[in-house]
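This report refers to the structure that appears directly beneath it.
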Amino acid sequence: MTGTPETSGTVLVVDDDPAILDFVTTALEDQGYTVLCAVDGAALGVARERQPDVILLDILMPGMDGVEVSQRLRADPATARIPIIAMSAQERLHATSSLMPVNDRLPKPFELMGLYTTVARWAQTT
Amino acid sequence: MHHAHTEGDRRQATADRTTAPLTPVGCCLSPDDNAPTRLLLVEDNPGDAYLVTEMLAAVPVGGFDVRHVIRCAEAEQRAGDVDVILLDLSLPDAQGLEAVTRLRAAAPAVPIVITSGNTDEALAIAGVRAGAQDYLLKGRVDGDLLVRAVRYAIERCTVEAQLAEARASELALREANRCMEEFLSIAGHELRTPLTSVLGNVQLAVRWVDQVRQAKEDGSAAFGVRRSALGRASPEHQTPNAERLERVATLLQRVERQGRVLSRLVNEMLDIARIQAGRLALRPETTDLGALVREVVQEHQQRAPQRTIDLDVPSSEEVLVCADAERLAQVLASYLSNAVKYSAADQPVMVGLHLAFGDRFSAFGAAPGHSPNAKHQTPNAAARWARVWVRDRGPGLPAAEQARIWERFYRVPGIGHQDGASVGLGLGLHISRGIVERQGGEVGVASTPGEGAIFWFTVPLASSSLDE
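Protein chains in written order, with our numbering: chain A, 22 to 147; chain B, 504 to 971.
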């Protein structure tokens, strides 16, 4: 029922909203990706250990926010080269653009195709 | 001593003052204010009290209703019932500034004028600092000066109260605005998050349903044969399932469409709140307006393939503006969806872009019948503006409506739109105007009822094009 996997690779999704995690996981797994989930600071350890091909990172999270997570990922040589896609409301993406060392931005609410093309762009370059 | 006034007079006077609206300076001197001024004279020296009472009794217009007390404690009890207090600072039960402090506490809104001996001027000045309106030196006072000081004190007190009230309501307004903004920002985030997963999941489900339908079509013959052989499903049973699958696809498409409407409404609500608070954040960058227009029209055409949307945009040259591209696209999309919504399905919509020369006010509005394509060009004139316009063949707008449609929540009465189009909040044009004006442009409409309408907006060209 899921059709043929079109891509492969591992994506780490960092968000505190279970509904978003569920949707993104289902959608990306359907495309053949292996999906890992983490909330705020826990992402750092998962990223270091599992070396995902791309990280989807929410900004507004209760513990460590996306800005800090992105800075720490970049500061750690083990994770510094993993592409990061920030996802949040448009205004927040712009407000934090100078603080977040990210490769791409996915404004919420995003569409399925937007999610697919953005993730594919960065999963392929690695 | 004059204690001749009745309780009834006093009540009447009090009622007049409490129900009367705040009026500008001069209210107490206005001729229609006939009630005598209620004055509390706090004075333990009988000679001074007599003198003051006589001076006030001689006032020809309006007059004073003087109540005389000797002790501060007595004054405290009656302070709330008068318009002004005339206060001596040496009382049997209060010395110096104490009387001012106590009477201010007893009746904060009632002005106090201090009467003091010539040797006590420093104390009187301290009294003014402690909250009295003015002071008078005994022995240097005549009737005119006394009356003027008392009336002036009352006026000043009224004006100060009005100012304080205005300041308080301004503060309250600012606080309310801040709360509103904070609320909308949180509400926006909270509403968008579930919308993201609703829309995403629906899109995923649509995709899966499509894949199943595709698979069925591709392998229907093989499936049919195999299933019949197993005796599980006959072609008669497959048909209702296939039908149901089609209907699921339709339902999902409906949900997706409505989800998009919700998403748009949330965005409109947030935009309007920001425009209202004057805090619409813009990110101007150099943009080719021609490319932007083509892109928006193409998107719209894809969404409504059955409609004819013609394009009149110079294809060769770039039209560079320094503006927030996303926001301008939003304005054009709003114009376009109105044009499509309010005109018949077989009527074409036309979108154009051209340079405007000279005066920024040389808009279509000046000549409604004019072709939108006519350039206001004079030889060698430098273009200053880019103008984007959308022309529909809908019912058009009477002149009286043309200004009102930009107002918040305004909807033209009696104009129907195409079936299936969402009505919205009536905010699109108001938001468009907010966006365009913030970027130094203008919006406008030209229309003749029965012949459609041209909605336009201008954007100043990027500075390099402005060099003359």
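The C-beta atom is built at its ideal place from N, Cα and C for all residues, glycine as well. Bear in mind that the values here come from a model prediction, so they are computed numbers and not experimental data.
DSSP three-state assignment for residue i, whether helix, strand or coil
i                 : result
Trp451 of chain B : This structure does not reach residue 451 of chain B, given that chain B is present from 504 up to 971, and the question cannot be answered.
Ile934 of chain B : helix
Asn883 of chain B : The predicted position of Asn883 of chain B is uncertain, since its pLDDT is 43 and thus under 50; no value can be drawn from it.
Ser700 of chain B : helix
Asp79 of chain A  : strand
Ala963 of chain B : The question names Ala, but residue 963 of chain B in the sequence shown is Pro. Note: Pro963 of chain B maps to strand in three-state DSSP.
Val822 of chain B : coil
Thr31 of chain A  : strand
Asp895 of chain B : strand
Arg102 of chain A : coil
Thr55 of chain A  : strand
Leu120 of chain A : coil
Thr889 of chain B : Per the sequence shown, the amino acid found at residue 889 of chain B is Ala instead of Thr. Ala889 of chain B falls in the strand class under three-state DSSP.
Asp125 of chain A : strand
Glu954 of chain B : coil
Ala847 of chain B : coil
Val834 of chain B : helix
Gly94 of chain A  : What sits at residue 94 of chain A in the sequence shown is Leu, not Gly. Looking at Leu94 of chain A - three-state DSSP - the assignment turns out to be helix.
Val915 of chain B : coil
Gly992 of chain B : Within the shown structure, residues of chain B are numbered from 504 to 971, placing residue 992 of chain B beyond reach of any answer.
Gly691 of chain B : helix
Ala40 of chain A  : helix
Val60 of chain A  : coil
Leu900 of chain B : coil
Gly135 of chain A : helix
Met108 of chain A : strand
Gly84 of chain A  : coil
Of the residues the options, the one placed nearest residue i, counting alpha carbons only
i                 : options                                : result
Phe958 of chain B : B:Arg670, B:Thr790, B:Val843, B:Arg677 : B:Val843
His933 of chain B : B:Arg907, B:Tyr553, B:Val715           : B:Arg907
Ala780 of chain B : B:Leu600, B:Gln905, B:Leu676           : B:Leu676
Glu945 of chain B : B:Ala889, B:Ala609, B:Arg757           : B:Ala889
Gln850 of chain B : B:Gln809, B:Arg896, B:Val816           : B:Arg896
Val824 of chain B : B:Leu600, B:Leu792, B:Gln805           : B:Leu792
Asn841 of chain B : B:Ala794, B:Val893, B:Leu856, B:Arg695 : B:Val893
Val852 of chain B : B:Ala745, B:Ala807, B:Ala902           : B:Ala807
Gln804 of chain B : B:Val948, B:Ala784, B:Ala836           : B:Ala836
Glu132 of chain A : B:Gly855, B:Val705, B:Gly953           : B:Val705
Ala902 of chain B : B:Ala859, B:Pro952, B:Arg659, B:Phe912 : B:Pro952
Val816 of chain B : B:Ile628, B:Leu795, B:Pro563, B:Asn680 : B:Leu795
Ala784 of chain B : B:Pro743, B:Asn770, B:Asp827           : B:Asp827
Val631 of chain B : B:Thr753, B:Pro614, B:Gly646, B:Asp647 : B:Pro614
Phe960 of chain B : B:Glu658, B:Val891, B:Asp813, B:Ala949 : B:Val891
Glu813 of chain B : B:Val834, B:Pro787, B:Arg716, B:Gly855 : Per the sequence shown, residue 813 of chain B should be read as Asp rather than Glu. Selected option, being the one with the closest Cα: B:Gly855.
Val948 of chain B : B:Leu964, B:Phe912, B:Tyr838, B:Gln942 : B:Tyr838
Arg541 of chain B : B:Gly899, B:Leu649, B:Val587, B:Val555 : B:Val587
query = Can you list the alpha helix (DSSP H) stretches of 4 or more residues lying completely in the segment 610–678 of chain B, in chain order?
reply = Complete alpha helix (DSSP H) runs here, min 4: 624–632.
request  = Answer yes if the segment 708–722 of chain B comes into contact with the segment 798–805 of chain B, meaning at least three C-beta pairs across the two stretches below 8 Å, and no otherwise.
outcome  = No, they do not touch.
request  = Output, in sequence order along the chain, the residues in the segment 777–796 of chain B whose CB is closer than 8 Å to any CB in chain A.
outcome  = Under the 8 Å Cβ criterion, the segment 777–796 of chain B contributes Ala784, Arg786.
message = For a minimum of 4 consecutive residues, which ranges assigned as the alpha helix (DSSP H) are wholly contained in the segment 761–820 of chain B?
response = The DSSP assignment places complete alpha helix (DSSP H) segments of no fewer than 4 residues inside the segment 761–820 of chain B at 792–806, in order along the chain.
ask   = Using Cβ-Cβ distances below 8 Å, what residues of the segment 799–824 of chain B are close to chain A?
value = Correct list: empty, as no residue qualifies.
ask   = According to a CB-to-CB cut-off of less than 8 Å, which residues of the segment 50–67 of chain A neighbour chain B?
value = Within the segment 50–67 of chain A, the residues whose Cβ lies closer than 8 Å to some Cβ of chain B are Asp51, listed in chain order.
query = With a cut-off of 8 Å, do at least 3 Cβ pairs link the segment 637–647 of chain B to the segment 605–619 of chain B?
reply = Contact between the segment 637–647 of chain B and the segment 605–619 of chain B is present, because at least three Cβ pairs lie under 8 Å.
task = Output, in sequence order along the chain, the residues in the segment 695–729 of chain B whose CB is closer than 8 Å to any CB in chain A.
result = Correct list: Arg695, Thr696, Pro697, Leu698, Thr699, Ser700, Leu702, Gly703, Asn704, Gln706, Leu707, Arg710, Trp711, Gln714, Val715.
Sufficient close CB pairs (3 or more, under 8 Å) joining the segment 660–667 of chain B to the segment 86–94 of chain A = Contact between the segment 660–667 of chain B and the segment 86–94 of chain A is absent: fewer than 3 CB-CB pairs across the two stretches fall below 8 Å.
query = Are three or more beta carbon pairs between the segment 749–763 of chain B and the segment 685–692 of chain B nearer than 8 Å?
reply = No: the two stretches stay apart, fewer than three of their Cβ pairs being nearer than 8 Å.
ask   = What residues from the segment 836–849 of chain B come within 8 Å of chain A, judged by C-beta to C-beta, listed N to C?
value = If the cut-off is 8 Å between Cβ atoms, the segment 836–849 of chain B has nothing near chain A.
message = Tell me whether the segment 572–581 of chain B and the segment 535–554 of chain B touch, counting them as touching only if at least three CB pairs, one residue from each stretch, are closer than 8 Å.
response = Yes, since at least three Cβ pairs between the segment 572–581 of chain B and the segment 535–554 of chain B fall closer than 8 Å, the two stretches touch.
query = What residue ranges within the segment 532–608 of chain B form continuous beta strand (DSSP E) runs of no fewer than 3 residues, ordered along the chain?
reply = Scanning the segment 532–608 of chain B for uninterrupted beta strand (DSSP E) segments of 3 residues or longer gives 540–545, 567–572, 587–591, listed from N- to C-terminal end.
Cβ contact (3+ pairs, closer than 8 Å) linking the segment 80–90 of chain A and the segment 52–63 of chain A = These segments touch.
inquiry  = Along the segment 110–142 of chain A, where does the CB come closer than 9 Å to a CB of chain B? Name the residues.
reply    = Of all residues in the segment 110–142 of chain A, only Ala110, Gln111, Glu112, Arg113, His115, Ala116, Lys129, Pro130, Phe131, Glu132, Leu133, Met134, Leu136 place a beta-carbon less than 9 Å from a beta-carbon of chain B.
message = Taking 8 Å as the cut-off, does the segment 557–564 of chain B touch the segment 594–605 of chain B (at least 3 CB pairs, one atom from each stretch)?
response = Judged by Cβ distances under 8 Å, the segment 594–605 of chain B makes no contact with the segment 557–564 of chain B, as fewer than three pairs qualify.
task = Check whether the segment 622–632 of chain B touches the segment 651–660 of chain B, taking contact to mean three or more Cβ pairs, one atom from each stretch, closer than 8 Å.
result = Because the criterion of three Cβ pairs below 8 Å is not met, the segment 622–632 of chain B and the segment 651–660 of chain B do not touch.
inquiry  = Three Cβ pairs or more, each shorter than 8 Å: is that satisfied between the segment 98–107 of chain A and the segment 67–80 of chain A?
reply    = Yes, they touch.
query = the segment 70–91 of chain A: which residues have C-beta closer than 9 Å to a C-beta of chain B, in chain order?
reply = From the segment 70–91 of chain A, only Leu81 have a Cβ closer than 9 Å to chain B.
request  = Can you give me, in chain order, the residues of the segment 762–778 of chain B that have a beta carbon less than 7 Å from any beta carbon in chain A?
outcome  = The segment 762–778 of chain B vs chain A, Cβ under 7 Å: Ser766.
task = Could you name the residues of the segment 899–910 of chain B whose beta carbon sits closer than 8 Å to any beta carbon of chain A, in the order they occur along the chain?
result = Of all residues in the segment 899–910 of chain B, none has a Cβ within less than 8 Å of some Cβ in chain A.
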